[in-house]
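Student: If you read the sequence shown in my numbering, its first letter stands for residue 606, the second for the next number, and so on.
C-beta: ideal position from N, C-alpha, C; glycine also.
Since the model is a prediction, treat every value here as computed from it, not as a measurement.
One structure, as structure tokens, below. Some questions next.
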Amino acid sequence: VFDDGDLRVLEVNPLGIDGDDLVAMDAKVIPDDAASYRQEYADTATGQAPLETEAAAEGIELRVSDGSVGIISNGAGMGLSTLDLVEQHPGHGFAGFIDTHGAQFDWDEIHDFLSYLERAGSQVVLVNIIGPFLDCSSIATELVAAVESGYDVPIIARFKGLEHEAA
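As structure tokens, this is what we get:
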């Protein structure tokens, strides 16, 4: 499916069993836009909130809801686990969720992430980063810079990975 569909990302999580068949219970599929000349991809923007569509145009995968917590995490598994924890607290839930796909991010991206989460109605931002290849101290430094530059939504961060103790 990945090769035949010219996909950039194909993540199946979880994989279930239905009788004798394996079934993708949930999947994330991101087509490779460079292959659009030979593929006919379905329109993935249907059903998106305007803020989600705006973020997607900037390459940011944002999901919005009616809660109060903004979430930045790296990877679908980590993100879904974080969403599950937040949703267990009645009256909170998530306002916005951004998955960084495990990539290192810099000041401009953090600024954009925080801006979108604030516009989604976040009253607090939870940053949950785990990854052996991400420089957590660099991300922490950029988050501090955001607060020092006037971002006034409280930020709670959890780091586990390269330089996490310094972070």
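Of all the options Y642, D740 and F699, which has the alpha carbon lying nearest to the alpha carbon of E723?
Tutor: E723 has its Cα closest to that of F699, out of Y642, D740 and F699.
Student: I want to know whether the stretch 732-739 touches the stretch 671-681 - three or more CB-CB distances under 8 Å.
Tutor: Result yes; three or more Cβ-Cβ pairs closer than 8 Å.
Student: Taking G696 as the reference, give the member of L667, E666, S673 and G707 with the closest Cα.
Tutor: The residue with the shortest Cα to Cα distance from G696 is S673.
Student: Which same chain residues end up closer than 8 Å to C741 when comparing Cβ atoms and leaving out the 5 residues on each side of it in sequence?
Tutor: These residues qualify, in order along the chain: I734, F764, K765, G766, L767, E768, H769, A771 and A772.
Student: How many whole angstroms separate the CB atoms of A632 and E616, which I take to be in contact at a CB cut-off of 8 Å?
Tutor: Yes, A632 and E616 are in contact; Cβ-Cβ is about 7 Å, under 8 Å.
Student: Are there three or more Cβ pairs, one per stretch, closer than 8 Å when the stretch 653-667 is compared with the stretch 712-729?
Tutor: With a cut-off of 8 Å, the stretch 712-729 and the stretch 653-667 count as touching, because enough Cβ pairs lie within range.
Student: Give me the residue from Q693, D717 and D637 with the minimum Cα distance to E663.
Tutor: Residue D717 is the option with its Cα nearest to E663.
Student: Is it right to say R668 is buried, meaning 16 or more other beta carbons lie within 10 angstroms of its own, or is it exposed?
Tutor: Classification of R668: buried, given that the 10 Å Cβ count is 16 or more.
Student: Are the CB atoms of A660 and W712 within a distance shorter than 8 Å?
Tutor: No, the pair does not count as a contact, with Cβ atoms beyond the cut-off.
Student: DSSP on F738, reduced to helix/strand/coil?
Tutor: Of the three classes helix, strand and coil, the one that applies to F738 here is strand, per DSSP.
Student: Please confirm whether V628 and V614 have their CB atoms less than 8 Å apart.
Tutor: Going by C-beta atoms, V628 is not nearer than 8 Å to V614.
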